[in-house]
Amino acid sequence: MSELSFDDVSVHYGSRRDRLTAVDHASLTVASGKTVGLVGESGSGKSTLARAAVGLAPIAGGRVLLDGIDLSRRGHRDRPVRMVFQDPYSSLDPRMTIGSSIIEAMPRDERRLRSRYDEVARLLDLVNLAPDRATMLPGQLSGGQRQRVALARALAGRPAAIIADEMTSALDVSVQGAVLNLIRDVQRRLNLTMLFISHDLAVVRYVSDVIAVMYLGQLVEIGPVDSVLTDPQHPYTRELLEAASPRSASSVLPLPLVVTGDDADPHRPPTGCRYHPRCPIGPRAHDDRDLCVSADPADAAANGAHQAACHFAAVRLAGASG
Amino acid sequence: MPRTPVGAVALVLVLAVLALAVVGPAVWTDDASAVDTDAILQGPSAAHIFGTDQLGRDIAYRVLVAARLSVVLAILSTVISVVVGLLLGAAPSVLPRRAGRLVSAVTNIAVAFPALLLALFFAVIFGAGMRGAVLAVALAGAPSFARLTQTLTAGVAGSDYVAAARIAGVGRMRMLVRHILPNIAEPLVVTATIGAGSTLLAFAGLSFLGIGVQAPDYDWGRLLGEGLNRIYLNPAAALGPGIAVVIAGLAFNLFGEAVAAAVGVRTPAARPGAPPVTPPATASDVGSERDGALLVVENLRVAFPGPAGWTQPVRGVSFRMEAGETVGLVGESGSGKSLTALAVSRLIERPGHVTSNRLDFAGTSLLETSERRLRSLLGTSVAFVFQDPMSSLNPTIRIGRQLAEVAEAHQGLSRRAAAARAVDRLRAVRIPSPLRRARQYPHEFSGGMRQRAMIGMGLMGQPRLVIADEPTTALDVTVQGEILRLLAEVRDTENAAILLISHDLGVISRLCDRVLVMYAGRIVEDLPTSGLEFGCVHPYTRALLDAVPDLGTDRGKPLAVIPGRPPEPDQLPAGCAFAARCSHASDRCRTDDPVLADLGEAHRVACWNPVAAVPHQETIR
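Here the protein sequences line up with chains V and E, keeping their order.
Numbers given in this note's numbering equal positions in the first sequence, counted from 1, plus 8.
Numbers given in this note's numbering equal positions in the second sequence, counted from 1, plus 52.
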């Protein structure tokens, strides 16, 4: 397995006049054999970041590196990063058998070997599906089973890293658990390097070693799971945590400190810290915090195990750890 | 395929036309070319039913013989047209981007010209004659086919499986052949079949004008042209080939339509006879005598016709709701929770069939009252909030107007008063600057704002019951809390009852007093939310609670899972529907269906072997 890293990656969509910055100078490293969980709301750019890594989104700035080598410099034949998609109903060709879908994803020289069918059986077995499923069409499988096939297909390419984009959010709760167990088990057994994307903090916590939080195209907090969850530094992470608090805690609804007016418009992101219009510890709550409106806190985050892009993070972690 | 009478007729016609094309010339060529100088230009008679031409040849035989050339030329041009169209249509997805754009631009311009005009244009360029006409008609039909291919290809190219293949390094040609063409083949075949009919007509047109088939060959168009010269002397000479063209054209068109219908609708519209008879009420009585309840549902069943007879996705649901009460309805997809809510608000459309022993809302029986009275009752006192507010708001009408229409329709307010109330209601659901927002369109609202506007629409009347079907599922976690809080506020200010449908026990326990757990069309447990975590006794409820990770889940252990999957509504087992997946199932569970029985303390459960409630101390520790 290899180390996957995003180095100052930006992705733009649209024309020059009406430009949408989906990912804005994002830097993130997934260490070899580790899982990084990426959380954020819809539209925060987490899926775009993933698509940039596999060549489905245009990279406007920065680089995606695999073991320090720029992915765009590698040959086209060699696809070392594979992806599992959210919707199990649209990610498999409805007219192709499970087996053919998996074979198609194999490395080019393996596709022609006679042993390819054994390999399909091995992969299906790995994701807890009976090998005789290989002759079935996706329509004959349930959502959870399709997601297993999608994982088997991603593994068929002998990837150096895997990206799972909301792979359980289209599944029913009783099926979600089994798929989560599987991905965690496979990740550990094969020592996979994995970027696991989800909007559900509890799900991300369950499978990840490191958590990265994204807001409006920017990474606002990165750190080890326990550290981020027990001691969140960015007010946005805290908001996410409160919203995901265990159901047994109380049935009383927490009163949000600030009623969010408009959601931030990614076409015209707020100045300074992008979170400042919603931030409960920012200029809306403290008159003297004009800094948040004027200065982007991205630079405030220095290297260290736990980073937060906030001018007023409770503790300056950068100083503590680095 | 011929499931409908039209389909059967089309099939017979097409087979007849094709058979004629095959055997016609072999059988009647001699008769058709027999020159009879004694019978030149005769009218219809017993010997020549359509008369004869200027060489005394029988026109009826000539029409029969011309079938082959007409049909073959039509099919030939259609095939060429399809192939050229496919090449042009698929080119943009194979060629480099710039070349692809050029091709699609040319196609789009060509589509703008009427096909017949193009055919004439090409016919003139290629020169009169059979080959020129075939090419002309084929090229004239190609642009529309190319455009269709382009559109279909674009749809498939955006799907995740194509993205997955790209990630796997599949090349463009291979992508086209393996993934795109197989998935767009169906509509293309249908269009091609219908197109054959029009090609036949176009070809007859060219021959009629004298730029198609040339003597001594003849097709229907040329026969028609010859006959028309003498139409006042012998109308039958033009009528004969005319009828042939009409029948053949109709045959291809109808056949294409029939293929489209057969391909498009996968589940045949079965007519399984009368709806199922509702069995008598089960033992779970909701206390029909304790009246004053806002909503009383007793033995509610919803049935839909399927390919193999009626299926019942909702099988005997009974519950009651008081004013101001918040009840959660939880279950997986397919458990019947949304259908239950739709049935309660009389929104199940035909062919769906709703029966119940009692379905009373605010003292009015919803099954017996007339549709018109119901409409005003439900319109003003029941509010529905759907999962996806983008699809339940009309994208072309301003938000304020959409809200106002509700008040105009149900409360008879004037346009101005309704507009004012709409702004007031938007303010009530905490939409900032409501006056400005009321003039905006739904797409200018964020997801959370749209959901607020939906709730505001429900508040245009005096809602006594708010049915919210997965209202927060499409929203971000940070916005979910606000919507739930707003619902709670509506409950408190209007004293409305809320029926909250969700797959997420977390969402339900944050808002609701009581939770109904549904599985395979039944309520399997009904208990106060406060007792959910520790007091639930149905193995399914327990398993649901354990299967969802929360921020306190032990990361060292695998998550608890529920093996298997829910039964399909048409394949229900004899006993408890959950028995096959249940770790507590006994033999009785597989043979006897448990009914919802009272456990006391407002707790009902349908289970033969309920699990013990978790002792409080042990879990908290």
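Each residue gets a CB set at the ideal place from its N, CA and C atoms; glycine is no exception.
In DSSP terms, what residue 371 of chain E is bridged to: Reading the second sequence from its first residue, position 319 is the one you call residue 371 of chain E. E/349, per the DSSP bridge assignment.
Report yes if the C-beta distance between residue 349 of chain E and residue 435 of chain E is below 8 Å; otherwise report no. On the second sequence, residue 349 of chain E is found 297 positions in, with the first residue counted as 1. On the second sequence, residue 435 of chain E is found 383 positions in, with the first residue counted as 1. Cβ atoms of residue 349 of chain E and residue 435 of chain E: not closer than 8 Å.
Could you pull out every residue in the same chain whose Cβ sits closer than 6 Å to the Cβ of residue 419 of chain E, ignoring the five residues on either side in sequence? Taking the first residue of the second sequence as 1, we reach residue 419 of chain E at position 367. Cβ contact annotation for residue 419 of chain E (same chain, cutoff 6 Å, sequence separation greater than five): 411, in chain order.
Give me the subset of the stretch 194-210 of chain V whose CB atoms are less than 9 Å from a CB atom of chain E, sorted by chain position. The residues in question are 207, 208, 209 and 210.
Whole-number beta carbon distance between residue 589 of chain E and residue 659 of chain E, since they are thought to touch under 8 Å: The sequence position of residue 659 of chain E within the second sequence is 607, counting from 1. The sequence position of residue 589 of chain E within the second sequence is 537, counting from 1. Confirmed, Cβ separation roughly 7 Å.
Does the contact criterion of 3 or more C-beta pairs under 8 Å hold for the stretch 285-299 of chain E versus the stretch 85-96 of chain E? The stretch 285-299 of chain E makes contact with the stretch 85-96 of chain E, as at least three CB pairs between them are under 8 Å.
Return the residue from the list E/302, E/275, E/397 and E/441 that minimises the CA-CA distance to residue 45 of chain E. What is shown of chain E runs 53 to 673, which leaves residue 45 of chain E out entirely.
Under the DSSP definition of a beta bridge, which residues are partnered with residue 652 of chain E? Numbered from 1 along the second sequence, position 600 holds the residue referred to as residue 652 of chain E. Partner(s): E/655.
Taking only the alpha-carbon atoms, compute the straight-line gap between residue 177 of chain V and residue 251 of chain E and give it to the nearest angstrom. Position 169 of the first sequence, counted from the first residue, corresponds to residue 177 of chain V. Position 199 of the second sequence, counted from the first residue, corresponds to residue 251 of chain E. A straight-line Cα-Cα distance of about 49 Å links residue 177 of chain V and residue 251 of chain E.
Check this for me: beta carbons of residue 24 of chain V and residue 235 of chain E, under 8 Å apart or not? In the first sequence, counting from the first residue as 1, residue 24 of chain V sits at position 16. In the second sequence, counting from the first residue as 1, residue 235 of chain E sits at position 183. Using a Cβ distance threshold of 8 Å, residue 24 of chain V and residue 235 of chain E do not count as a contacting pair.
Bridge partners for residue 579 of chain E per DSSP, in chain order? For the purposes of this step, residue 579 of chain E is identified with residue 527 of the second sequence, where counting begins at 1. Residue 579 of chain E is bridged to E/567.
Tell me the rounded alpha-carbon separation between residue 487 of chain E and residue 475 of chain E. Residue numbering aside, residue 487 of chain E sits at position 435 when the second sequence is read from its first letter. Residue numbering aside, residue 475 of chain E sits at position 423 when the second sequence is read from its first letter. So the alpha carbons of these two residues sit roughly 6 Å apart.
So, is residue 284 of chain E buried or exposed, given that buried needs 16 or more other C-beta atoms within 10 angstroms? To locate residue 284 of chain E, count along the second sequence from 1; it is residue 232. Per the 10 Å Cβ criterion, exposed.
Does any C-beta atom of chain E lie closer than 8 Å to the C-beta of residue 231 of chain V? As a first step, residue 231 of chain V must be located in the first sequence, where it is residue number 223. No, because no Cβ of chain E sits closer than 8 Å to the Cβ of residue 231 of chain V.
Nonlocal neighbours in the same chain, by C-beta distance under 7 Å from residue 638 of chain E, ignoring five residues either side: The count along the second sequence starts at 1 and reaches residue 638 of chain E at position 586. If we look at residue 638 of chain E and ignore the five residues flanking it on each side, its Cβ neighbours are 660 and 661.
From the beta carbon of residue 220 of chain E, is the nearest beta carbon of chain V less than 8 Å away? Numbered from its first residue, the second sequence carries residue 220 of chain E at position 168. At least one C-beta of chain V is nearer than 8 Å to the C-beta of residue 220 of chain E.
Sorted by chain position, which residues of the same chain lie with C-beta nearer than 7 Å to residue 158 of chain V's C-beta, five sequence neighbours on each side aside? Position 150 of the first sequence, counting from 1, holds the residue named residue 158 of chain V. Beyond the five residues adjoining it in sequence on each side, residue 158 of chain V comes within less than 7 Å, by CB distance, of 92, 93, 96, 99 and 100 in the same chain, given in chain order.
Bridge partners of residue 219 of chain V, per DSSP? As a position in the first sequence, residue 219 of chain V is number 211, starting the count at 1. V/45 and V/231, per the DSSP bridge assignment.
Could you name the residues of chain V that residue 211 of chain E contacts, counting a contact when the two beta carbons are closer than 7 Å? In the second sequence, residue 211 of chain E corresponds to position 159, counting from 1. In chain order: 98.
Backbone CA spacing between residue 318 of chain V and residue 50 of chain V [nearest angstrom]: For this step, residue 318 of chain V is matched to residue 310 along the first sequence. For this step, residue 50 of chain V is matched to residue 42 along the first sequence. If you draw a straight line from the Cα of residue 318 of chain V to the Cα of residue 50 of chain V, it is about 21 Å long.
Same chain, Cβ closer than 8 Å to residue 568 of chain E, five either side skipped, listed in chain order: As a working note, residue 568 of chain E is residue 516 in the second sequence. If we look at residue 568 of chain E and ignore the five residues flanking it on each side, its Cβ neighbours are 371, 379, 380, 381, 382, 575, 577 and 578.
Going along chain V in order, which residues have a C-beta closer than 7 Å to the C-beta of residue 7 of chain E? Outside the displayed span of chain E (53 to 673) sits residue 7 of chain E, for which this structure offers no information.
Please tell me whether residue 552 of chain E and residue 563 of chain E are closer than 8 Å, where the distance is taken between their beta carbons. Here residue 552 of chain E is taken as the residue at index 500 of the second sequence, counted from 1. Here residue 563 of chain E is taken as the residue at index 511 of the second sequence, counted from 1. Yes, Cβ-Cβ distance for residue 552 of chain E and residue 563 of chain E is below 8 Å.
Per DSSP, which residues does residue 520 of chain E bridge with? Please list them. Reading the second sequence from its first residue, position 468 is the one you call residue 520 of chain E. Answer is E/437 and E/552.
Assumed close pair residue 203 of chain V, residue 171 of chain V - CB separation to whole angstroms, cut-off 8 Å: The sequence position of residue 203 of chain V within the first sequence is 195, counting from 1. The sequence position of residue 171 of chain V within the first sequence is 163, counting from 1. Going by Cβ atoms, the distance from residue 203 of chain V to residue 171 of chain V rounds to 5 Å, so yes, they are a contact pair.
Which residues, taken in chain order from the stretch 466-481 of chain E, show a beta carbon closer than 7 Å to some beta carbon of chain V? So the list is empty, because no residue satisfies the distance condition.
Short-range partners of chain E found in the stretch 47-60 of chain V, where Cβ spacing is below 7 Å: Listed by position along the chain: 49 and 50.
Could you give the first and the last residue of the continuous alpha helix (DSSP H) run that contains residue 536 of chain E? Position 484 of the second sequence, counting from 1, holds the residue named residue 536 of chain E. Boundaries of the alpha helix (DSSP H) harbouring residue 536 of chain E: 529-546, taken from the DSSP string.
Fully enclosed by the stretch 462-498 of chain E, which alpha helix (DSSP H) runs are 4 residues long or longer? Runs of the alpha helix (DSSP H) inside the stretch 462-498 of chain E: 467-480 and 486-489.
Inter-stretch contact (C-beta, 8 Å, three-pair minimum) for the stretch 183-192 of chain E and the stretch 207-225 of chain E: No contact exists between the stretch 183-192 of chain E and the stretch 207-225 of chain E.
Report yes or no: is there a C-beta of chain E within less than 8 Å of the C-beta of residue 267 of chain V? On the first sequence, position 259 is the one that residue 267 of chain V refers to. With a pLDDT of only 49 at residue 267 of chain V, under the threshold of 50, the placement of this residue in the model should not be trusted, and no figure is reported.
Helix, strand or coil at residue 413 of chain E [DSSP, three-state]: On the second sequence, position 361 is the one that residue 413 of chain E refers to. DSSP places residue 413 of chain E in strand when its eight states are reduced to three.
Looking at the C-beta of residue 102 of chain V, does it have a partner C-beta in chain E at a distance below 8 Å? Start at 1 with the first residue of the first sequence, and residue 102 of chain V comes out as number 94. With 8 Å as the cut-off, residue 102 of chain V counts as an interface residue toward chain E.
Where the beta strand (DSSP E) containing residue 91 of chain V begins and where it ends: Here residue 91 of chain V is taken as the residue at index 83 of the first sequence, counted from 1. Its beta strand (DSSP E) spans residues 89-92.
Identify the residues that DSSP records as bridge partners of residue 278 of chain V: which are they? Locating residue 278 of chain V in the first sequence gives position 270, counting from the first residue. Secondary-structure assignment with DSSP links residue 278 of chain V through no beta bridge to anything.
Nearest to residue 236 of chain V (by Cα), restricted to the options V/321, V/160, V/70 and V/200: Here residue 236 of chain V refers to the residue found at position 228 of the first sequence. Taking residue 236 of chain V as reference, the option from V/321, V/160, V/70 and V/200 with the minimal CA-CA separation is V/321.
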